[in-house]
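Working notes for the structure below.
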Amino acid sequence: MGISTLDDLTVEDATVGVRVDINSPLTADGRLADDARLDAHVGTLDELLDRGGRVAVLAHQGRPGGDEFAGLEDHAARLDEMLEYPVAYCDATFSAEARDAIAALDAGEAVLLENTRFYSEEYMEFPAEEAAETFLVDRLVPAFDVFVNDAFAAAHRSQPSMIGFPPRLPSYAGRVMERELDVLGHIEETPRPRVYALGGAKIADALDVAESVLERDLADQILTSGMTGNAFLEASGVWIGDPSHDAIVDRDATAIDDASALLEEYGDRINVPEDVAIGRDGERVEVAVEDLPVDQPALDVGDRTIAAYADTFETAGTAILNGPPGVFEEERFAKGTKEVFAAATRAEYSIVGGGDTAAALRRHGIEGFDHVSTGGGAALRMLTGDSLPAVEVLRR
Ligand code: 3PG
């Protein structure tokens, strides 16, 4: 892949700056609500420590002004439990206090530095050469011998801690980054027929993926569901009813026209739902396409669609999932997500885009995929064939 990995790095006695993405959901009182993203980096961090590195970890949590914008003390405590080696916490990122904490590390010890986004320059996007001159990078470069970027999930961000070190230090991809690029960067080599299941409420993202993979002839079939499926249903000439229509247009005013254009050009490869599920008197009610419109929003796909999509996966070489088929957070509308996703594991090879899709799998304990991406936006960018700034800079 043209990028150096941990296989190319001599770790022993080196001080390694490692950027991870442990940006996680928090509870209302600011505690970690899910440690899946931390778990993903355990392999990279334990390997560096096991090989005798002194490891300084950089990470962000939330966005300035957002509810989940918080310090990383809890994350450090959890990493300390998860890793085979000790992880301390330092409530500074690049000040003298942080640099002292790094200098005090012994081989086989790690410190998690404070949320990079507590510093405003970290929430700006720069070209790599300018990122390399920011305070955060400039102060930390002398403290590190090498830099490892394992934060695939933030690789679409041109922020200093993501792209500023490679112009100044020998830099390597960590194991998470390596595996994600290996899988998501080589979709065209996966077995065919290749089936993309595109659902969820981020209709514009799903339409971008659909357009890109159809245009590049990467997709043999697209199975639409969720609000994305509703947009395609309407674009195919079925009137679902005002509530579903309004929800689509509220999200994305051009979604139905965009879906129509895709259907016109690639209709033979795009599948739309055959039925939907709505809520009535607290119950799930399934409505066939022939019986639409309905006066309630369509919040899941129904049994007919589930069966048709499951059939397609039976003979699929590769299944690629992005976006849940229904409102999986509510049990009565989780059936489509549970059953369509479980059927996708029967394809010869299966890949899950991150974000909401991975969260749906975890919530419903659906397992058996070959690759579950740690990235939301980053995975999406790769699925649409875009390059990622943090990867480009590692390649240079
Ligand atoms: C993510 O959660 O997708 C990454 O951590 C990036 O976070 P951001 O979208 O706030 O930059």
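The sequence shown maps to residues 2 to 397 in this note's numbering. Glycine included, C-beta positions come from ideal geometry on N, C-alpha and C.
Would residue i pass as a contact of residue j if the rule is Cβ separation under 8 Å?
| i | j | result |
| --- | --- | --- |
| T6 | H61 | no |
| G280 | R364 | no |
| V43 | M83 | yes |
| A93 | A379 | no |
| E126 | S159 | yes |
| F358 | N323 | Checking the sequence shown, residue 358 turns out to be Thr, not Phe. Contact flag set, yes. |
| A299 | I241 | yes |
| Y86 | G109 | yes |
| A361 | F342 | yes |
| L113 | L80 | yes |
| V177 | L234 | no |
| V394 | A152 | no |
| G268 | G227 | no |
| D301 | G337 | yes |
| G386 | T191 | no |
| R384 | V210 | The question names Arg, but residue 384 is Leu in the sequence shown. A contact, by the Cβ cut-off of 8 Å. |
| L389 | R382 | yes |
| D276 | V290 | yes |
| I271 | T306 | no |
| G165 | V147 | no |
State yes or no: is the C-beta of residue i nearer than 7 Å to some heavy atom of the ligand 3PG?
| i | result |
| --- | --- |
| R382 | no |
| N24 | yes |
| R64 | yes |
| G378 | yes |
| A1 | The requested residue 1 does not occur in the structure, where the chain is confined to residues 2 to 397. |
| A155 | yes |
| R20 | no |
| R158 | yes |
On a CA-only basis, which of the options is nearest residue i? Give me that one, please.
| i | options | result |
| --- | --- | --- |
| A320 | A77, F370 and G200 | F370 |
| E401 | D75, R64, A144 and R79 | Outside the shown range of the chain, which is 2 to 397, sits residue 401, and nothing can be said about it. |
| A37 | T385, G366 and A99 | G366 |
| E284 | A335, H246 and I257 | A335 |
| E74 | A105, N24 and L46 | N24 |
| G54 | A111, E216, D206 and S96 | A111 |
| S261 | R396, P167, F166 and S237 | S237 |
| A391 | V88, T11 and A154 | A154 |
| L264 | V288, L39 and Q222 | Q222 |
Am I right that residue i and residue j are in contact with their C-beta atoms under 8 Å? What's the rounded C-beta distance?
| i | j | result |
| --- | --- | --- |
| V21 | L49 | Not really, about 11 Å apart at Cβ, beyond 8 Å. |
| A144 | R100 | 5 Å |
| L1 | V328 | Past the edges of the chain, shown from 2 to 397, lies residue 1, and the structure says nothing about it. |
| L70 | F95 | At residue 70 the sequence reads Phe, which differs from the Leu that was named. About 18 Å separates the two Cβ atoms, so there is no contact after all. |
| A174 | N150 | 6 Å |
Under DSSP, the beta strand (DSSP E) around residue i begins and ends at which residues?
| i | result |
| --- | --- |
| L113 | E110 to L113 |
| I279 | D276 to R281 |
| S121 | Element bounds for S121: n/a, residue is neither H nor E. |
| V56 | R55 to L59 |
| E266 | Careful: E266 lies outside any beta strand (DSSP E), inside the alpha helix (DSSP H) at A256 to Y267. |
Between which two residues does the alpha helix (DSSP H) containing residue i stretch?
| i | result |
| --- | --- |
| L249 | Looking at the sequence provided, one finds Ile at residue 249 rather than Leu. It spans D243 to R252 - the alpha helix (DSSP H) in which I249 sits, taken as one unbroken run. |
| S213 | I204 to E216 |
| F148 | Premise fails: F148 lies in the beta strand (DSSP E), V147 to N150, not in any alpha helix (DSSP H). |
| Y86 | No alpha helix (DSSP H) holds Y86; DSSP gives it neither H nor E. |
| L185 | R176 to L185 |
| E330 | Neither: E330 is in no alpha helix (DSSP H) and is coded neither H nor E. |
| V286 | Per DSSP, V286 belongs to no alpha helix (DSSP H); it is in the beta strand (DSSP E), E284 to A289. |
| I352 | Note, I352: premise wrong, no alpha helix (DSSP H); beta strand (DSSP E) at Y350 to V353. |
| N231 | G227 to A236 |
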